[in-house]
Amino acid sequence: AFKAKDEGVQLAAVKAFVETGDGEAAWKGGLKAALPDAKTEEAKLPEVRAVEACKALRPDGAVATLLALVGKAKDPKVAAAAVQALGGYERSKQRVNILNELVGTLRTARPGTNPTTGQRGNSPRWDAMAPEAVPALNELTGQKVADFDAWLQLYDEKIRGGRSAVAPPTVI
């Protein structure tokens with residue numbers, strides 16, 4: 047379906063993957079091929095929807111690709127969608143690794159502060175990812191942290207203190 051050039055067909059394919067509810071089957075069945083390349087300057091809507099679908103389906107095979115998109119995607123909306131998608135992996139066996147990688151990448155992506163003015167620099171990637179960062183980190187870990195600076199402080203204290211910032215998974 048993703049070889050089809052028609053955007054409507056591609057969107058229908060993403061929707062069908064989500065409706066299966068089977069992340070691993072969807073991933074192997076074509077969702078993997080639907081994700082944009084990190085070098086893509088401007089992703090097409092079906093590619094962004096495919097990234098978003100990973101949050102609903104949580105295929106373990108997608109984790110490395112999603113982390114790579116957070117770190118390297120040229121299209122800011124793809125990076126933001128990948129951050130949001132990774133927040134959905136709260137029950138994954140990889141969640142501690144996801145947390146470590148996500149915090150490290152977000153910390154690096156965040157522009158520095160000008161010592162004279164006290165204002166942060168501009169970055170379209172960070173501007174797109176910032177609104178997704180705290181909700182994704184909170185969802186991933188079960189925490190309820192208010193802002194990114196507080197998240198960094200919590201992360202640094204918990205990891206350096208030898209305790210996990212990741213709450214046990216909630217059993218439903």
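Numbered per the working numbering, the sequence shown spans residues 47 to 218.
The beta-carbon is built from N, C-alpha and C at its ideal position, and this holds for glycine as well.
Source: prediction; values computed, not measured.
- As the crow flies, the alpha-carbon of residue 95 is around 15 angstroms from that of residue 111.
- Residue pairing by DSSP places residue 141 in no beta bridge whatsoever.
- In the three-state reduction of the DSSP assignment, residue 166 falls in the strand class, which pools E and B.
- Counting along the chain, the unbroken alpha helix (DSSP H) around residue 95 starts and ends at 91–103.
- About 7 angstroms separates the beta carbons of residue 119 and residue 128, which is inside the 8 angstroms limit, making them a contact pair.
- Residue environment analysis places residue 101 among the buried positions, since at least 16 neighbouring C-beta atoms fall within 10 angstroms of its C-beta.
- Distance from the Cα of residue 70 is smallest, within the candidate group 138, 52, 58, for 138.
- Of the candidates 181, 142, 193, the residue whose Cα lies closest to the Cα of residue 204 is 142.
- Bounds of any alpha helix (DSSP H) do not take in residue 88, whose DSSP letter is neither H nor E.
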